[in-house]
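Have a look at the structure below before the remarks.
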Amino acid sequence: MTSESSKLAFNDGWQYSPAPESTDHIVIDEQYGLFIDNEFVEPAEGQYFDTINPATEEFLASVALATDADVSRAVKAARKAKNGAWSKMKPADRGKYIYRIARILQERAREFSVIESLDGGKPIRESRDIDIPLSAAHFFYYAGWADKLDYAFPGRTSKPLGVVGQVIPWNFPLLMAAWKIAPALACGNTVVLKPAETTPLTAMKLAEVIRDAELPPGVVNFVTGAGDTGASIVNHPDVDKIAFTGSTEVGRIIQQSIAGTGKRYTLELGGKAANIIFADAAIDQAVEGIVNGIFFNQGHVCCAGSRLLVQESVADEVVSKLKDRMETLIVGDPLDKNTDIGAINSASQLQTIQSYLKIGEEEGAEMHQSSCVLPERGYWCRPTIFTGVSQSNRVVQEEIFGPVLAIQTFRTPEEGLEKANNTPYGLSGGVWTDKGSKIFQITKKVRAGVIWANTFNKFDPTSPFGGYKESGIGSEGGLHGLNAYVELVK
Amino acid sequence: MSPTAVLKNIDFPDLNQVPLVDEVGVHERAARFQARSIKKSSKIEALRSVLSMIDLTTLEGQDTPGKVRQLCQKALHLHNALPDLPNVAAVCVYPTMVGVAREVLGDSPIKVASVATAFPSGMTPRQVKLEETRIAVAEGADEIDMVISRGAFLQGDHHFVFDEIAEIKTACGKAHLKVILETGELGTLDQVRRASMLAMHAGADFIKTSTGKIKPAATLPVTLVMLHAIRDYYYQVDRMVGMKPAGGISNSKLAIHYLIMLQETLGTSWMTSEWFRFGASSLANDVLMQLQKQASGVYQSADYFSRD
């Protein structure tokens, strides 16, 4: 098999008619305040910023810009709740409230899915089938732990850390909020959370859920804004712990700013995961795994399989099959049920991705993109692969956070492993082989927090998630995720 | 090397080179096709395609000339209330009914397909299978649906199966040969993929999942594996081979999912009855019912569609 252009024709045939999910059942307010003490309140300085639909560049809502005063107000509310109702409550009752959040999320799943896709650009298929159900699942899972912490830490006594400041990214807005809030509440903490500035809307909807679930005021507070608001949370003296998901660059700044303060922290940062395909893999399913690895959520995934390492004897076959498969990916309207790849989250992220496409070409790599037609408005990027890249190239070393895959080959398992581990990151990885013994041999040598075998990008609330090296500190999810929100006193 | 293989200048494939199949991954991929949403004009187009790809089938011990005539009439007059419907692709019958079908279908574009080779079990000597094939062709069959010798295949006697297919292909003459793998008896998807490769290399014009007499019959995952094999073969040998899932596809929605899978796996060139067929008996009426619904906006009772 050669890697020449495809012999198969995927265009100009039967076209799927548009199948957009309707938006008439959702309500988005014109303006959202800050959510403090179970109420939406005006920001102290009265400033707001807009959030737009990245697929159309149209205005969706304006959202309060929280300043230091607002963050202080939120932290104060959280502290009061921590010292008051939330601490006095029986753990089983705490669990009850978290279950309520989970159930309301399930009931309103359709509304949340549509808003997630509108605000963030991700395909409705993903928000409907992955983001929202998984968010509910996290609340369900941690609700169960609330009154069983003695069993989570046998022989030890745990107590909550206090007020937790949480800063989350724009790639999985609701899911990241769920990952952060659910274990924090289960362990008895109270929360001040900042959603990302480009995707605040499902957090605002989650605020409504928290209000409707009648959590005691102040247990969960949302402050919206950009980096300055995040810094204000991180530097607030009455915050006991910082949980951050985002870039390694910001993670470093956070570590520096809280050094010596005694604040605890967990950081879930960038990644440049290797998806390693051996010649004895089930090739067609591996190709599917490559697609899920790098094109899921437009590649805006910290654990994306953004480096493909393929054994040389099957490299041509894999690349040729991958190119055919890329032709069938439908790029466009995130609300269309048939869309596989939605809009890039923001103009600035699109710019970042495009700069890497240029860098890749300048570095001498061969770029291939699918031939799909992109919509005229909005932020879009074709699924892209680079072949002929080297370990020293920036497109191999740096996190692009877009639908861009760097493909390298290897001859021996040792070479594959060396390339896989030769990165400052260590969040995730994938191994593809039909040989069971090889799975164990290889996975234990890949230095990454999460490793998938013969699959990729699978998430479950019971499974810990976290990185090595510059990919972060601490784990979220599963039993491990509780660790990050308790102090073991005995 | 068998004499037929020399004769036809075809190569026995190296089955060790056939790519492995991961069952979990195949099921996951098949489910993705089912997540597609086909509406409006694309649905009508799909329904018409499905109709044009149907092999209307009756394969019962109790088949009579009258029943076969009735099925052929159905093929010729699908639903007169809807003008401009495409034809079904073929009528599929037992060899003893080929003459009857040929007589009714005459010069119409609808093909006569006959099962042969001791369908459905295939448990007779090769000479009988060859003779049965020749008779069916002589009676007027345009297409022969043969079954492979599953026993020999599962024993690992791949050469036996290869030679048998190649000889039947020769006996078919101008008739097209569809090779039924009976995937429900092959046990694993790896075996399905190897059997597909074997059949194509031996000369199959079509590969077909099932007889319809064994469960499971056609499924999306099994068909996907066969489509992957067809694609690999096309890349290697540059010959298009057709695909026929048969058995268990009784409603339009599922049939449309098959078309989605076909188009997204093999591309648009395969999207005609020349390269894709549904072996089904009750599918046609469901498609007609859906087309009627698209035309009039309401579902009609099943009593408005002839049952044959």
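From first to last, the protein sequence lines are chains Z and X. Numbering follows our numbering, in which position 409 of the first sequence is assigned residue number 409; successive positions increment by one, without gaps. So the number in our numbering is just where the residue sits in the second sequence, counting from 1, plus 490. We put the CB at the ideal spot given by N, CA and C, even for glycine.
Under 9 Å between beta-carbons, which chain X residues line up against residue i? List them in chain order, please.
i	result
residue 12 (chain Z)	758
residue 438 (chain Z)	Those within 9 Å of residue 438 (chain Z) in chain X number zero; the least Cβ separation is about 13 Å.
residue 454 (chain Z)	512, 514, 515
Using a Cβ-Cβ cutoff of less than 7 Å, which residues in the same chain neighbour residue i once the five nearest sequence positions on both sides are dropped?
i	result
residue 367 (chain Z)	357, 360, 361, 384, 386
residue 663 (chain X)	627
residue 47 (chain Z)	65
residue 481 (chain Z)	183, 464, 475
residue 3 (chain Z)	Its pLDDT being 38, under 50, residue 3 (chain Z) is placed unreliably by the model, and the measurement read from it follows with that caveat. The answer, listed in chain order, is 316, 319, 320.
Do residue j and residue i count as a contact pair if the criterion is CB distance below 7 Å?
i	j	result
residue 433 (chain Z)	residue 281 (chain Z)	yes
residue 719 (chain X)	residue 687 (chain X)	yes
residue 164 (chain Z)	residue 189 (chain Z)	yes
residue 471 (chain Z)	residue 425 (chain Z)	yes
residue 70 (chain Z)	residue 34 (chain Z)	yes
residue 174 (chain Z)	residue 198 (chain Z)	no
residue 261 (chain Z)	residue 63 (chain Z)	no
residue 378 (chain Z)	residue 55 (chain Z)	yes
residue 684 (chain X)	residue 505 (chain X)	yes
residue 800 (chain X)	residue 737 (chain X)	Lying outside 491 to 798, the shown extent of chain X, residue 800 (chain X) is not represented and no answer is given.
residue 16 (chain Z)	residue 786 (chain X)	no
Could you work out which residues of chain X lie near residue i, taking near to mean beta carbons separated by less than 7 Å?
i	result
residue 125 (chain Z)	525
DSSP has residue i in a bridge; who is on the other side?
i	result
residue 407 (chain Z)	Z:308
residue 48 (chain Z)	Z:64
residue 582 (chain X)	X:547, X:603
residue 243 (chain Z)	Z:166, Z:266
residue 452 (chain Z)	Z:430
residue 666 (chain X)	X:633
residue 386 (chain Z)	Z:367, Z:406
residue 190 (chain Z)	Z:163
residue 475 (chain Z)	Z:466
residue 220 (chain Z)	Z:191
residue 487 (chain Z)	Z:159
residue 419 (chain Z)	BP columns for residue 419 (chain Z) are empty, so no partner.
residue 336 (chain Z)	Z:20
residue 733 (chain X)	X:697, X:766
residue 593 (chain X)	Residue 593 (chain X) is not bridged to any residue.
residue 301 (chain Z)	None; residue 301 (chain Z) has no bridge partner.
residue 34 (chain Z)	Z:41
residue 59 (chain Z)	Z:52
residue 774 (chain X)	Partner(s): none; residue 774 (chain X) has no beta bridge.
residue 275 (chain Z)	Z:308, Z:430
Which residues in chain Z have a C-beta closer than 7 Å to the C-beta of residue i? List them in chain order.
i	result
residue 509 (chain X)	282, 283, 284
residue 809 (chain X)	Because chain X here runs from 491 to 798, residue 809 (chain X) falls outside it and cannot be looked at.
Between which residues of its own chain and residue i is the CB-CB distance below 8 Å, once the five residues before and five after are set aside?
i	result
residue 104 (chain Z)	209, 212, 213
residue 629 (chain X)	585, 588, 589, 592, 604
residue 679 (chain X)	511, 513, 516, 711, 712, 715
residue 23 (chain Z)	114, 118, 335
residue 298 (chain Z)	121, 122, 341, 342, 343, 344, 345, 381, 402, 403
So with CB distances below 9 Å, who are the chain Z contacts of residue i?
i	result
residue 648 (chain X)	Under the 9 Å cutoff, chain Z gives no residues; its nearest Cβ is about 20 Å from residue 648 (chain X).
Which residues in the same chain have their Cβ closer than 6 Å to the Cβ of residue i, if we skip the five residues on either side of it in sequence?
i	result
residue 459 (chain X)	Because chain X spans 491 through 798 in this model, residue 459 (chain X) falls outside it and cannot be assessed.
residue 760 (chain X)	752, 766
residue 218 (chain Z)	37, 77, 78, 80, 81
residue 649 (chain X)	none
residue 789 (chain X)	783
Quick one: list the residues of chain X neighbouring residue i, beta-carbon separation under 8 Å, in chain order.
i	result
residue 288 (chain Z)	515, 518, 519
residue 434 (chain Z)	510, 512
So with Cβ pairs under 7 Å, would you call residue i a contact of chain A?
i	result
residue 207 (chain Z)	No chain A appears in this structure, whose protein chains are Z and X.
Heavy atom of the ligand SAH less than 6 Å from the Cβ of residue i, yes or no?
i	result
residue 197 (chain Z)	Questions concerning the ligand SAH fall outside what the structure shown contains, since it holds no ligand whatsoever.
**Item:** the region 320 to 353 of chain Z: positions lying closer than 7 Å to chain X by Cβ
**Value:** So the close ones are 328, 337, 338.
**Message:** What are the residues in the region 157 to 191 of chain Z lying within 7 Å of chain X by C-beta distance?
**Reply:** The region 157 to 191 of chain Z vs chain X, Cβ under 7 Å: nothing.
**Request:** Taking only beta carbons into account, state which residues of the region 5 to 38 of chain Z come closer than 7 Å to chain X, listed in chain order.
**Result:** Those would be 7, 8, 9, 10, 12, 13, 14, 15, 16, 17, 19, in chain order.
**Request:** Mind checking the region 517 to 542 of chain X against chain Z and listing, in chain order, the residues whose C-beta falls within less than 8 Å of any C-beta there?
**Result:** Near chain Z, meaning a CB-to-CB distance below 8 Å, the residues of the region 517 to 542 of chain X are 518, 519, 525, 526, 527, 528, 529, 530, 531, 532, 533, 535, 536, 539.
**Request:** Anything in the region 711 to 739 of chain X with a Cβ closer than 9 Å to a Cβ of chain Z? List those residues in chain order, please.
**Result:** Hits within the stretch, in order: 714, 715, 718, 721, 722, 724, 725, 726, 728.
**Prompt:** Any residues in the region 756 to 783 of chain X with a beta carbon nearer than 7 Å to a beta carbon of chain Z? Which ones, in chain order?
**Reply:** Listed by position along the chain: 756, 757, 758, 759, 761.
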